[in-house]
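Asks: Those protein sequence lines, which keep their order, are chains R and H.
In terms of my numbering, the first sequence has 7 at position 7, counting the first letter as 1, and numbering is strictly consecutive.
In terms of my numbering, the second sequence has 25 at position 25, counting the first letter as 1, and numbering is strictly consecutive.
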Amino acid sequence: MSNLILGVGEFGASKSSADIVKTFALGSCIAVILMCPKTRTVGMVHVALPESKINPEKVKTRPGYFADTGIPALLQQMAGMGCDPRGRGFIVKLAGGAKIMDPNNTFNIGKRNALAVKKTLWKYALGPVAEDLGATYSRTVSVSLATGEVTISSPGRGDWKL
Amino acid sequence: MKQRATREEILKAIQNVPLLSPSASQLLQVTAREDHDIQDVIDIVKCDSALTARVLKIVNSVAYGLAYQVSTIDRAISYLGDRTIAGIALGDSASALFHKELAGYEGPKSELWNHDLRTAIAAREIARYATQPLNADVAFTAGILHAVGKAVLSDFLSNSANDVLIGIDSHEVGDYLAGERELVGIDHTEAGFELAKNWDLPESLQMAIRYHHNPADAPQEHQLLVYAVHLACIIAMMCGSQASDSLQYHLDKNYTDFFDLTSEQIALVMLEVNESFDTLNNAMTDTKETQI
């Protein structure tokens, strides 16, 4: 068994049944999980910010950083692994997008991330079958290729399935 | 919540925390003075060969992306900023404290350092948006130090995280600080403040440690710095943290009296935190074995 660990703004996919795809400590970031049942491929992108227009230069080095460029980049990688390029038949799950207790909502990047992720998914006619978004706790997310199970954990709160 | 220790036990534990190295201590004192001379900083660093090597390694690391090699300590200090040097010395001197497993907060080894370095970078960036002059290097150093009290409390908080979180979720306690006070009679801001006094840190840093979650309570002359660290700590948690207290604090909305920050600018600060963290962390830790 090997772990495909994804840092902030990274994306990746695997079709090895022994693998775990994992990302640590999502705060306001969101893990977008794309699963292709036909090829048994699992992909994930760790999205940090909603829109790439804030820093177009960054897109060249790390497209996964933004919702609007990260999801297309992951779809492209998975297409190279034999999956449908527009994600037809994919199972989509989302986790993350936490918030701080903020009366002004200025700091609610998590909510903006969630909206941008869904907006990008809609362009491909994709939508999540399950999501664990918002609230005020950090999340570590892992996907087992052997079982397809998505597990979320948070310090002090244990772990649960998505 | 069942009490795990008394305030007196915590204060006693603080007395047993090793003092900072002489060079770190001197650098923090000297650089806290607005009118200090950079030559004083150079003289202190030159007397500490390990620190000299470390500073040269950092200035020449990819984190700073210089096109040429810096080989003299004078130029390295000029480039990095003398107060950043104080932060580097601090990270070295209290390495064991910063890198220990944060068991009481269910955080892995180096979690405190990772959060503190993210906070330091965020504080440095936030300084750009201050409505009054704020020295970015002081904000960086305050960020490095702000949560040091957790290193002390952690040893007394084993297996308590779930209790605190249930208390917060059920509104039994207002935030994680209140949970800490119920469990050990003191919260990490006050424990850090007591440690800062023991270390004889400059007053501005003591205030940043003491009030970073309640900036409105800080003395007026220190509020600008304290609010910077307050916001930076929150941004660091939004960027990701593996500790049970992550995001379990309130944002003080009066930060707008000191900082002109839009959502987009906050996103830019987060981008910089994520961008700089890995390279700066590698540069600041790869020349020294962590002592636990």
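The beta carbon of each residue, even a glycine, is placed where N, CA and C say it ideally should be.
Computed from a predicted model, the values in this text were never measured in an experiment.
For R:Lys-58, return the contacting residues in chain H, with the cut-off set at a CB-CB distance below 9 Å.
Replies: Residue 58 of chain R sits at position 58 when you count from the first residue of the first sequence. Those are Leu-271 and Glu-275, listed as they occur along chain H.
Asks: Along chain R, in chain order, which residues have C-beta atoms closer than 7 Å to that of H:His-250?
Replies: Residue numbering aside, residue 250 of chain H sits at position 250 when the second sequence is read from its first letter. Simply Met-101.
Asks: Kindly indicate if chain A contains any beta-carbon less than 8 Å away from that of R:Gly-27.
Replies: Looking for chain A here will not work: the only protein chains present are R and H.
Asks: Looking at the structure shown, is H:Leu-263 part of a helix, part of a strand, or coil, going by DSSP?
Replies: Counting from 1 along the second sequence, the entry for residue 263 of chain H is found at position 263. For clarity, residue 263 of chain H is Ser in the given sequence; the question names Leu instead. The answer is helix: DSSP assigns H:Ser-263 an H, G or I state.
Asks: Given that a residue counts as buried once 16 or more other Cβ atoms are within 10 Å of its Cβ, and exposed if not, what is H:Gln-291?
Replies: In the second sequence, counting from the first residue as 1, residue 291 of chain H sits at position 291. Unreliable positioning characterises H:Gln-291 in this predicted model, as indicated by a pLDDT of 34, which lies under 50. The coordinate reading is nonetheless provided below. Label assigned to H:Gln-291: exposed.
Asks: Among R:Lys-161, R:Pro-155, R:Ala-146 and R:Thr-151, which residue has its Cα nearest to the Cα of R:Arg-40?
Replies: Your numbering for residue 40 of chain R matches position 40 in the first sequence. In terms of Cα proximity to R:Arg-40, the closest of R:Lys-161, R:Pro-155, R:Ala-146 and R:Thr-151 is R:Ala-146.
Asks: Give the DSSP bridge partners of R:Thr-41, in chain order.
Replies: Within the first sequence, numbered from 1, the residue matching residue 41 of chain R stands at position 41. BP columns for R:Thr-41 point to R:Cys-36.
Asks: Report the residue ranges of all alpha helix (DSSP H) runs contained in full by the stretch 9-82 of chain R; include only those spanning at least 4 residues, in chain order.
Replies: As far as the stretch 9-82 of chain R is concerned, its whole alpha helix (DSSP H) runs of at least 4 residues are 56-61 and 67-79.
Asks: Would you check if the distance between the CB atom of R:Met-44 and the CB atom of R:Ile-91 is smaller than 8 Å?
Replies: Taking the first sequence and counting its residues from 1, one reaches residue 44 of chain R at position 44. Taking the first sequence and counting its residues from 1, one reaches residue 91 of chain R at position 91. The answer is no: Cβ separation not under 8 Å.
Asks: Taking only runs that begin and end inside the stretch 49-98 of chain H, name each unbroken alpha helix (DSSP H) of 4 or more residues, in chain order.
Replies: 49-59, 73-80 and 82-93
Asks: Under a CB-based cut-off of 8 Å, is H:Met-238 close to chain R?
Replies: Stepping through the second sequence from its first residue, residue 238 of chain H is reached at position 238. Closer than 8 Å: yes.
Asks: From what residue to what residue does the beta strand (DSSP E) around R:Gly-148 run?
Replies: For this step, residue 148 of chain R is matched to residue 148 along the first sequence. R:Gly-148 -> no beta strand (DSSP E), and no H or E assigned at all.
Asks: If we ignore side chains and look at the alpha-carbon of each, how far apart do R:Ala-98 and H:Ala-139 end up?
Replies: If you number the first sequence from 1, residue 98 of chain R lands on position 98. If you number the second sequence from 1, residue 139 of chain H lands on position 139. Near 26 Å, if we compare the C-alpha coordinates of H:Ala-139 and R:Ala-98.
Asks: Anyone know if the C-beta pair for H:Met-1 and H:Leu-157 falls short of 8 Å?
Replies: Position 1 of the second sequence, counted from the first residue, corresponds to residue 1 of chain H. Position 157 of the second sequence, counted from the first residue, corresponds to residue 157 of chain H. One thing to note: H:Met-1 has its Cβ no nearer than 8 Å to the Cβ of H:Leu-157.
Asks: List the endpoints of the continuous beta strand (DSSP E) containing R:Leu-94.
Replies: In the first sequence, residue 94 of chain R corresponds to position 94, counting from 1. Element bounds for R:Leu-94: 91-96.
Asks: Is it buried or exposed, H:Pro-219, if we count other Cβ atoms within 10 angstroms and call 16 or more buried?
Replies: Within the second sequence, residue 219 of chain H is the residue found at index 219, counting from 1. Burial call: exposed.
Asks: Can you find the residues in the same chain that come closer than 6 Å, C-beta to C-beta, to H:Thr-287, ignoring five residues on each side of it along the sequence?
Replies: Numbered from its first residue, the second sequence carries residue 287 of chain H at position 287. Model confidence at H:Thr-287 stands at a pLDDT of 43, short of 50, so the residue's coordinates are unreliable; what they give is reported in the following sentence. Excluding sequence neighbours, H:Thr-287 sits near Arg-54 and Lys-57.
Asks: Grab me the residues of H:Ser-244's own chain with a C-beta within less than 6 Å of its C-beta, minus the 5 sequence neighbours each way, in chain order.
Replies: Against the second sequence, residue 244 of chain H aligns to sequence position 244. Spatial neighbours of H:Ser-244 in its own chain (CB-CB distance under 6 Å, excluding positions within 5 residues in sequence) are listed in chain order as Tyr-105, Glu-106 and Ala-161.
Asks: Excluding five sequence neighbours on each side, which residues of the same chain lie with their C-beta closer than 7 Å to the C-beta of H:Glu-289?
Replies: Working through the second sequence from its first residue, we reach residue 289 of chain H at position 289. Residue placement at H:Glu-289 is flagged as unreliable, the pLDDT there being 39, under the threshold of 50; a coordinate-derived value is accordingly withheld.
Asks: Of all the CB atoms in chain R, is at least one closer than 8 Å to the CB of H:Glu-180?
Replies: Within the second sequence, the letter at position 180 stands for residue 180 of chain H. For H:Glu-180, the answer is no, since every Cβ of chain R falls outside 8 Å of its Cβ.
Asks: How about H:Lys-253: is its C-beta nearer than 8 Å to some C-beta of chain R?
Replies: Position 253 of the second sequence, counted from the start, is the residue given in the question as residue 253 of chain H. Yes, because at least one Cβ of chain R sits closer than 8 Å to the Cβ of H:Lys-253.
Asks: Counting only the same chain and skipping the five closest in sequence on each side, list residues whose C-beta sits under 8 Å from that of H:Arg-7.
Replies: Working through the second sequence from its first residue, we reach residue 7 of chain H at position 7. Only Val-184, Gly-185 and Ile-186 meet the Cβ criterion.
Asks: Alpha carbon to alpha carbon, how far is H:Ile-121 from H:Gln-265?
Replies: Translated into the one-based positions of the second sequence, residue 121 of chain H becomes position 121. Translated into the one-based positions of the second sequence, residue 265 of chain H becomes position 265. Rounded to the nearest angstrom, the two C-alpha atoms are 14 Å apart.
Asks: Expressed to the nearest angstrom, what Euclidean distance is found between the alpha-carbon atoms of R:Ser-153 and R:Val-143?
Replies: Your numbering for residue 153 of chain R matches position 153 in the first sequence. Your numbering for residue 143 of chain R matches position 143 in the first sequence. Each residue's alpha carbon lies about 12 Å from the other.
Asks: Could you pull the start and end residues of the alpha helix (DSSP H) that H:Asp-236 belongs to?
Replies: Numbered from 1 along the second sequence, position 236 holds the residue referred to as residue 236 of chain H. Sequence inspection shows Ala at residue 236 of chain H; the Asp mentioned does not correspond to that position. Here the alpha helix (DSSP H) through H:Ala-236 covers 223-238.
Asks: Restricting to Cα atoms, I'd like to know which of H:Pro-18, H:Gln-15, H:Pro-133 and H:Asp-43 is closest to H:Gln-26.
Replies: What you label residue 26 of chain H is simply residue 26 of the second sequence in a count that begins at 1. Checked all of H:Pro-18, H:Gln-15, H:Pro-133 and H:Asp-43; the closest Cα to H:Gln-26 is H:Asp-43.
Asks: Within the chosen definition, does the stretch 192-209 of chain H reach the stretch 136-152 of chain H through at least 3 CB pairs nearer than 8 Å?
Replies: yes
Asks: For H:Glu-106, would you say it is in contact with chain R, using Cβ-to-Cβ distances shorter than 8 Å as the test?
Replies: What you label residue 106 of chain H is simply residue 106 of the second sequence in a count that begins at 1. Chain R, which has a Cβ nearer than 8 Å to the Cβ of H:Glu-106, makes this yes.
Asks: Would H:Arg-118 and H:Val-273 qualify as a contact pair, given that the criterion is a beta-carbon distance under 8 Å?
Replies: Within the second sequence, residue 118 of chain H is the residue found at index 118, counting from 1. Within the second sequence, residue 273 of chain H is the residue found at index 273, counting from 1. A contact, by the Cβ cut-off of 8 Å.
Asks: Does DSSP put R:Gly-134 in a helix, in a strand, or in coil?
Replies: By one-based count along the first sequence, residue 134 of chain R stands at place 134. The answer is coil: DSSP assigns R:Gly-134 none of H, G, I, E or B.
Asks: Anything in chain H within Cβ reach of R:Ile-30, meaning under 7 Å, just list it in chain order.
Replies: Here residue 30 of chain R corresponds to residue number 30 of the first sequence, with the count starting at 1. Ordered by position in chain H, no residue passes the 7 Å Cβ test against R:Ile-30, which lies about 12 Å from the chain.
Asks: Pick from H:Val-173, H:Arg-128, H:Asp-74 and H:Leu-112: whose alpha carbon is nearest that of H:Leu-153?
Replies: As a position in the second sequence, residue 153 of chain H is number 153, starting the count at 1. The candidate whose alpha carbon is nearest that of H:Leu-153 is H:Leu-112.
Asks: If we cut at 8 Å on Cβ distances, does R:Tyr-137 have a partner in chain H?
Replies: One-based indexing of the first sequence puts residue 137 of chain R at position 137. Yes - at least one Cβ of chain H is within 8 Å of the one on R:Tyr-137.
Asks: What is the residue span of the alpha helix (DSSP H) that R:Asn-113 lies within?
Replies: The residue labelled residue 113 of chain R in the question sits at position 113 within the first sequence. It spans 109-123 - the alpha helix (DSSP H) in which R:Asn-113 sits, taken as one unbroken run.
Asks: The beta strand (DSSP E) with R:Gly-158 in it runs from where to where?
Replies: Residue numbering aside, residue 158 of chain R sits at position 158 when the first sequence is read from its first letter. It spans 158-161 - the beta strand (DSSP E) in which R:Gly-158 sits, taken as one unbroken run.
Asks: Going along the chain, which residues of its own chain have a beta-carbon closer than 7 Å to the beta-carbon of H:Gln-206, five neighbours each way excluded?
Replies: Against the second sequence, residue 206 of chain H aligns to sequence position 206. Closer than 7 Å at the Cβ level, and outside the excluded window around H:Gln-206, lie Phe-193, Ala-196 and Lys-197.
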